[in-house]
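Visitor: Supplied in C-alpha cells, the structure appears directly below.
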Amino acid sequence: MKYMITTKEIRKKYIDFFESKGHAVISSASLIPDNDPTVLFTTAGMHPLVPYLMGEKHPAGTRLVDVQKCIRTGDIDEVGDKSHLTFFEMLGNWSLGDYFKKEAIEMSYEFLTGAEYLNIDPWKLAVTVFEGDDDAPFDNEAKETWLALGLPENRISSLPKKDNWWGPAGQTGPCGPDSEMFYWVGEEEFPPEGSNVATDEDNWMEIWNDVFMQYGKQTDGTFLALDQQNVDTGMGLERVVAVLNGYTDVYKVDSLYPLVELVEEISGKKYEEHTLSIRVIVDHLRAATMIMGDNLGVAPGNMDQGYVVRKLIRRAIRHGKKLGIEITFCTKLGEKVIDIFTDVYTEVEKNKDFVLKELQKEEEQFSKTLESGMKEFEKLLKGFQMAFEKTGNKITEISGKQAFKLYDTYGFPYEMTEELAKENHLTIDKKSFDEAFEKHQELSRKGAEQKFAGGLADHGEMSTKYHTATHLLHVALRRVLGEHVEQKGSNITGDRLRFDFSHPDKMTPEEIAEVEYLVNEAIARDYPMSFREMTVEEAKKQGAIGLFGDKYGEMVKVYTVGDPSGMPHGNPEEDTFSKEICGGPHVERTGVLGKFRIKKEESSSAGVRRIKGVLE
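The sequence shown begins at 13 in the numbering used here and counts up one residue at a time.
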C-alpha cells in the first residue's frame, strides 16, 4: 500500500517543528508507570509529567515535546471499530508555566496548515472551545485566537464541559478548558458552508486537543486559578496518519496494515469481509507485544498488568479460531510488531526473545482451554434450544452456576463467557456468579480497568516512606545478589511496598535476612535524603541506579541516601548508601521509616522475582 505520508514522517515533522519553537525533546516513558499504584498503564502523554504540571521544575526546561507510548484498556470492548486502539502513540507538546493559549493555538495551526508540515487545507478544519458555565467563563481568548488566524466563525463551536474540559484526573487537582481540532472526513471533498462539529459531528474527526490547565478544583468543588498555567496537547499519531492518507480506518496506516495483511495471509480470509476479528487480533497482539517488550515489561498473569496482557492474547486467539486459524500464530504477529517498532522503541527488540516465548506459551496453554470451553458452551446453547423446542419458553440468561462451571471446570475466563453470551443475545446472572466466585481472588476485568484514579500516586506520609524504602531495598538487593539486579516494577500503597526485580533464582533465607539487615541499618543511620539535577552521563559516573535506555531526557533528578559527594555501595558503614534516578517524593531522613520487614519473596514472571515488604 502506498502512503502520502507515514507515521515515521509525521513523528519527525512534529518533533522538528516543536524543536524549532524552543521545545526540548524528551523520550517516551515506560508503558508501566513506576511507583504509581493508582494506574496500571501510562494512558496519555500527560501521565509521566504530572509532577511538573503541578509545579515541580522539569530538568529539560519549560517547553517539552515527545512521542509517548500509551495503553488504554477502558476501550478494549470497543476494539473492532475503525478508530479504537489499545496501544497507540501520542504526540504531545507542553508548556510548564511558559506560553499559554494564544501561542499554543498559533503553533498548532501552523503545524497543521504549514506547507512543510501537515499542509492541511484550512477549509477542512473545524475547532471547538469551552462555552462556559458556573465554574469557569466562556473561553473567549481561544475563540478570538482562532478567528485571528482566519478560521471562519461558523467553523468554531462552543461546547459544554463534557466536551471541552479536561480533568481533574482525580477528585481534585489541575484542570481547565480545552480546544479540540477536527478534520473533515465527509464524502464531499470539502464541508458545506454551515458544517461544524456541533451540527455535523459524524463528518468531523478529532485530530488534536490543546488543554489549558488554568484552574485547580478544590475539595469543596470550587475552582481556583492556578499559580502556574500549563498547556498539555495530545495528537493521536495513528488517527492523524489515517485522515491525511484519506482513510477513516486507522488499521489502514503503515504501522498497522502490515499486521492486517499478515492475518489475511495466515487465515486465508479477506479484511473487508472479516474486519472485526482481524482488527481485534491486530490490535490486541500489538498491544500485548508492546507491553511485554517495554523496559518494565510483564508476562501474562492473573494480576494487574499481567492480567490485561493475558486477556489481550486470549481474546486475539479466540478471534483467530473464529477465522478458522488452526495453527499457532501469535508469535508471527508479535515478530511483525517488533519489526515495525524496533527503530522507534529499541527496547522491544532487546526483549524480543522474552516476548515471543511468552506469546508461544500463552497460546499453547489457552488453545487447550478454549477448545474444551467452547465445546461446553456449545452444549449449553444446544440445551437452551432443546428447552425452547420442548416448552416454548426462550432462555435468555446463563445462570451464575453455569458461568462459574465454565470457569472452574474448564478454565474458561468469565469475560470470554460474557462476550460469547452477548454474541448469542444472552445475559449472565453476574450476581450469582460473583457469589460462587467469592473464594477466588482473581482480579476481574472491571477491577483492572477501573484501577485508574488519576495521574498522581498517593503522596501521603506512609506512601512517601515506602517510596524511600524501595531505594534502600533496591541497592541492598544489588549488594547481596549482584549488579545484575534491576528494578522491573513497583507498587506502593500506604500499607506496603511491592518490588519486582531481575534475578533468576529464588532467594535463600540467608539472602533475605542479609537484605533486611542492610535496609534496617541504613534506616538506623538516619541518613539525610537529597537530590540534584544532572546529565545522564554525570548520573552514571556518580554510580546512580537507573534504566539507562530511552527513558530519560538529557537532564535527570538523582536522589542520594547519605552524602551526595560519595559513591554508593549499599554499605551502611559508609557515608553514601544509595543514588538513584527518580522523580520523588521522599522523606527527609531515613530514620523516620521505622523497621523494615520482608513478608514475602516469590516469582513474578520468568527471570523476575517479587518482594512484598512492610514498615513497622
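Cβ coordinates follow ideal geometry from the N, Cα and C atoms, glycine included. These figures come from a predicted structure and were not determined experimentally.
Can you tell me the Cβ-Cβ gap for Ile303 and Ile88, rounded? I've got them flagged as a contact below 8 angstroms.
Guide: As a working note, residue 303 is residue 291 in the sequence shown. As a working note, residue 88 is residue 76 in the sequence shown. With 8 angstroms as the limit, Ile303 and Ile88 do not qualify as a contact, their Cβ atoms being about 13 angstroms apart.
Visitor: Where Ile113 and Asn532 are concerned, what is the direct C-alpha to C-alpha distance, given to the nearest angstrom?
Guide: Within the sequence shown, numbered from 1, the residue matching residue 113 stands at position 101. Within the sequence shown, numbered from 1, the residue matching residue 532 stands at position 520. One point to set straight first is that residue 113 is Lys, not Ile, in the sequence displayed. Lys113 and Asn532: Cα-Cα distance of roughly 51 angstroms.
Visitor: Is it right to say Leu530 is buried, meaning 16 or more other beta carbons lie within 10 angstroms of its own, or is it exposed?
Guide: Here residue 530 refers to the residue found at position 518 of the sequence shown. By the neighbour-count rule (16 or more Cβ atoms within 10 Å), Leu530 is buried.
Visitor: At a cut of 8 angstroms, does the region 490 to 509 reach the region 536 to 550 through at least three beta carbon pairs?
Guide: Segments in contact, no.
Visitor: Taking contact to mean 3 or more Cβ pairs, one atom from each stretch, closer than 8 angstroms, check whether the region 399 to 417 and the region 323 to 342 are in contact.
Guide: At 8 angstroms Cβ cutoff, the stretches do not touch.
Visitor: Specify whether the region 189 to 198 and the region 218 to 230 touch according to this definition: at least 3 beta carbon pairs, one from each stretch, less than 8 angstroms apart.
Guide: Touching, yes.
Visitor: Tell me whether the beta-carbon of Lys612 lies closer than 7 angstroms to the beta-carbon of Glu628.
Guide: Here residue 612 refers to the residue found at position 600 of the sequence shown. Here residue 628 refers to the residue found at position 616 of the sequence shown. No, Cβ-Cβ distance for Lys612 and Glu628 is not below 7 angstroms.
Visitor: If I follow the unbroken alpha helix (DSSP H) through Gln377, where does it start and stop?
Guide: For this step, residue 377 is matched to residue 365 along the sequence shown. Gln377 -> alpha helix (DSSP H) spans Lys364 to Thr403.
Visitor: In the DSSP assignment, what are the bridge partners of Cys187?
Guide: Start at 1 with the first residue of the sequence shown, and residue 187 comes out as number 175. Its beta-bridge partners are Tyr227.
Visitor: Quick one: Cα of Ile17 to Cα of Asp261, how far?
Guide: The residue labelled residue 17 in the question sits at position 5 within the sequence shown. The residue labelled residue 261 in the question sits at position 249 within the sequence shown. About 15 angstroms.
Visitor: Is DSSP giving Glu218 helix, strand or coil here?
Guide: Here residue 218 refers to the residue found at position 206 of the sequence shown. Of the three classes helix, strand and coil, the one that applies to Glu218 here is strand, per DSSP.
Visitor: If we ignore side chains and look at the alpha-carbon of each, how far apart do Lys406 and Thr421 end up?
Guide: As a position in the sequence shown, residue 406 is number 394, starting the count at 1. As a position in the sequence shown, residue 421 is number 409, starting the count at 1. Roughly 26 angstroms between the two C-alpha positions.
Visitor: Between Arg609 and the rest of its own chain, which residues show a CB-CB distance below 7 angstroms, the 5 nearest in sequence each way excluded?
Guide: If you number the sequence shown from 1, residue 609 lands on position 597. Counting only Cβ-Cβ distances below 7 angstroms, and skipping sequence neighbours, we find Glu528, Gly625, Val626 and Glu628.
Visitor: Helix, strand or coil, according to DSSP, for Phe30 in the structure here?
Guide: What you label residue 30 is simply residue 18 of the sequence shown in a count that begins at 1. Helix, per DSSP.
Visitor: Assign Phe341 to buried or exposed, taking buried as 16 or more other Cβ atoms, counted over all protein chains shown, within 10 Å of its Cβ.
Guide: Position 329 of the sequence shown, counting from 1, holds the residue named residue 341. It is buried - the Cβ of Phe341 has at least 16 other Cβ atoms within 10 Å.
Visitor: May I ask you to report which of helix, strand or coil DSSP gives Ala36?
Guide: By one-based count along the sequence shown, residue 36 stands at place 24. Ala36: strand per DSSP, three-state reduction.
Visitor: Here's the rule I'm using: 16 or more other beta-carbon atoms within 10 Å means buried, otherwise exposed. How should Thr234 be labelled?
Guide: As a working mapping, residue 234 is identified with position 222 in the sequence shown. Result: exposed.
Visitor: Helix, strand or coil: which one does DSSP assign to Tyr269?
Guide: Here residue 269 is taken as the residue at index 257 of the sequence shown, counted from 1. In this structure, Tyr269 counts as helix in the three-state DSSP scheme.
Visitor: Take Thr85 as the anchor and find which of Leu43, Gly109 and Ser279 has the nearest alpha-carbon.
Guide: To locate residue 85, count along the sequence shown from 1; it is residue 73. Looking at the Cα atoms, Leu43 is the closest of the given residues.
Visitor: What separation, rounded to the nearest whole angstrom, lies between the Cα atoms of Gly185 and Gln230?
Guide: The residue you call residue 185 lines up with position 173 of the sequence shown. The residue you call residue 230 lines up with position 218 of the sequence shown. Computed Cα separation, rounded: 7 angstroms.
Visitor: Taking Cβ positions, are Phe449 and Ala415 nearer each other than 7 angstroms?
Guide: To locate residue 449, count along the sequence shown from 1; it is residue 437. To locate residue 415, count along the sequence shown from 1; it is residue 403. No.
Visitor: Assuming Tyr259 contacts Val294 under a Cβ cut-off of 8 angstroms, what Cβ separation, rounded to an integer in Å, is found between them?
Guide: Counting from 1 along the sequence shown, the entry for residue 259 is found at position 247. Counting from 1 along the sequence shown, the entry for residue 294 is found at position 282. 15 angstroms between Cβ atoms; not a contact.
Visitor: Can you find at least 3 beta carbon pairs, one from the region 65 to 74 and one from the region 380 to 395, that sit closer than 8 angstroms?
Guide: Segments in contact, no.
Visitor: For Lys500, which three-state DSSP category applies?
Guide: Position 488 of the sequence shown holds residue 500. Strand, per DSSP.
Visitor: From this set, Glu143, Gly162 and Asp212, which residue's C-alpha is nearest Gly7's C-alpha?
Guide: Beyond the ends of the chain as shown, which are 13 and 628, falls residue 7; an answer cannot be given.
Visitor: Whole angstroms is fine: what's the gap from Pro425's alpha carbon to Asp441's?
Guide: As a first step, residue 425 is located in the sequence shown; it is residue number 413 there, counting from the start. As a first step, residue 441 is located in the sequence shown; it is residue number 429 there, counting from the start. In a straight line, the C-alpha of Pro425 is about 15 angstroms away from that of Asp441.
Visitor: Can you give me the start and stop residues for the beta strand (DSSP E) that Thr245 sits inside?
Guide: Position 233 of the sequence shown, counting from 1, holds the residue named residue 245. Segment Phe235 to Gly248, the beta strand (DSSP E) holding Thr245.
Visitor: What does Lys612 pair with, by DSSP beta-bridge criteria?
Guide: The residue labelled residue 612 in the question sits at position 600 within the sequence shown. Note: Lys612 sits in a beta bridge opposite Lys624.
Visitor: By the 10 Å Cβ neighbour count, where 16 or more other Cβ atoms means buried, how is Asn242 classified, buried or exposed?
Guide: In the sequence shown, the residue the question calls residue 242 occupies position 230. Buried, because 16 or more other Cβ atoms sit within 10 Å of the Cβ of Asn242.
Visitor: Considering only their Cβ atoms, is the gap separating Gly595 from Arg291 smaller than 7 angstroms?
Guide: Numbered from 1 along the sequence shown, position 279 holds the residue referred to as residue 291. Numbered from 1 along the sequence shown, position 583 holds the residue referred to as residue 595. For Arg291 and Gly595, no; Cβs fall outside 7 angstroms.
Visitor: Expressed to the nearest angstrom, what Euclidean distance is found between the alpha-carbon atoms of Phe366 and Leu489?
Guide: By one-based count along the sequence shown, residue 366 stands at place 354. By one-based count along the sequence shown, residue 489 stands at place 477. Straight-line Cα distance between these residues: approximately 23 angstroms.
Visitor: Assuming Phe123 and Phe29 form a contact by the criterion Cβ under 8 angstroms, report the distance between their Cβ atoms to the nearest whole angstrom.
Guide: Translated into positions along the sequence shown, residue 123 becomes position 111. Translated into positions along the sequence shown, residue 29 becomes position 17. With a Cβ gap of about 5 angstroms, Phe123 and Phe29 count as contacting.
Visitor: Looking only at its chain, what residues have a beta carbon closer than 6 angstroms to the beta carbon of Phe353, apart from the 5 residues adjacent to it on each side?
Guide: The count along the sequence shown starts at 1 and reaches residue 353 at position 341. Val360, listed in sequence order.
Visitor: Going along the chain, which residues of its own chain have a beta-carbon closer than 6 angstroms to the beta-carbon of Val349, five neighbours each way excluded?
Guide: Position 337 of the sequence shown, counted from the first residue, corresponds to residue 349. Here the set comprises Arg298 and Thr301.
Visitor: Using the Cα positions of Gln80 and Thr480, report the straight-line distance between them to the nearest angstrom.
Guide: Here residue 80 refers to the residue found at position 68 of the sequence shown. Here residue 480 refers to the residue found at position 468 of the sequence shown. If I take the Cα positions, the gap works out to 27 angstroms.
Visitor: If you draw a straight line from the C-alpha of Gly109 to the C-alpha of Ala36, how long is it?
Guide: For the purposes of this step, residue 109 is taken as the residue at position 97 of the sequence shown. For the purposes of this step, residue 36 is taken as the residue at position 24 of the sequence shown. The straight-line gap from Cα to Cα measures roughly 15 angstroms.
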